[in-house]
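Here is the structure we will look at, set down as structure tokens.
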Amino acid sequence: MYSGASIRHTTGKPLILDQAHEKIRTALARAGETPCAQWSWGIVATDEMIGLIALRRRTPVMGTLSYILREDTWGNGYATEAARHVVDFAFTTAGLDRLEAMHHPANPASGRVLAKAGFTRTGTSDRCAEDGTAVPYQVYALQSLVPRGQG
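Using the numbering used here, you'd call the opening residue of the sequence shown number 1203 and step up by one each time.
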């Protein structure tokens, strides 16, 4: 997943096997923290892991969503379905009120995933590229329809 076109428009780098194992160990360790600051799930299709999706708590009531899919599985709705599940989890189980996400401007498909999951584009945020230039990432947000304490 963390190779080729899948990371072209992310801040991630290609991972060798040992690095991938360490990423998994770190995610498992963070899952046991109280309060939990990060949740990570595998995206599975036809009994094969094809991607990852994560929810990170940034404040007590706000989190960020990120995901990555293997290039050969793009365009099948897997990221959208996973994002919808994580949004539901964030607003019910995790108790968050707001989610944010962003994507590289050259990756409009990721913006379509976010829109289908209920997010609204709110603007841009400059991220520094490896060459030092600023890249205007597209920023999205989603507010819970049920205010805290009323669900």
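For every residue, glycine included, the Cβ atom is placed at its ideal position computed from N, Cα and C.
Inter-residue spacing [alpha-carbon to alpha-carbon] between residue i and residue j
| i | j | result |
| --- | --- | --- |
| residue 1330 | residue 1313 | 20 Å |
| residue 1336 | residue 1267 | 22 Å |
| residue 1245 | residue 1254 | 5 Å |
| residue 1273 | residue 1259 | 27 Å |
| residue 1269 | residue 1344 | 16 Å |
| residue 1223 | residue 1238 | 21 Å |
| residue 1334 | residue 1228 | 29 Å |
Segment limits, alpha helix (DSSP H) that includes residue i
| i | result |
| --- | --- |
| residue 1283 | 1280-1293 |
| residue 1226 | 1219-1233 |
Contact belief for residue i with residue j at Cβ below 8 Å, rounded distance in angstroms
| i | j | result |
| --- | --- | --- |
| residue 1284 | residue 1342 | So it is not a contact: roughly 16 Å between Cβ atoms. |
| residue 1339 | residue 1310 | That belief does not hold up - the Cβ atoms of residue 1339 and residue 1310 are roughly 12 Å apart, past 8 Å. |
| residue 1282 | residue 1318 | 5 Å |
| residue 1296 | residue 1265 | 7 Å |
| residue 1241 | residue 1233 | 7 Å |
Of the listed residues the options, nearest to residue i (C-alpha basis)
| i | options | result |
| --- | --- | --- |
| residue 1262 | 1298, 1344, 1323, 1320 | 1298 |
| residue 1300 | 1287, 1347, 1238, 1237 | 1347 |
| residue 1292 | 1222, 1257, 1231 | 1257 |
| residue 1248 | 1275, 1222, 1223 | 1275 |
| residue 1320 | 1296, 1288, 1277 | 1288 |
| residue 1278 | 1326, 1221, 1315, 1219 | 1315 |
| residue 1325 | 1235, 1294, 1305, 1233 | 1305 |
| residue 1250 | 1238, 1290, 1236, 1271 | 1271 |
Residues that DSSP places opposite residue i in a beta bridge
| i | result |
| --- | --- |
| residue 1343 | 1302, 1322 |
| residue 1238 | Paired residue(s): none; residue 1238 is not in a bridge. |
| residue 1250 | 1247 |
| residue 1257 | 1241, 1267 |
Boundaries (first-last residue) of the beta strand (DSSP E) holding residue i
| i | result |
| --- | --- |
| residue 1272 | Where residue 1272 is concerned, there is no enclosing beta strand (DSSP E), given that its DSSP letter is neither H nor E. |
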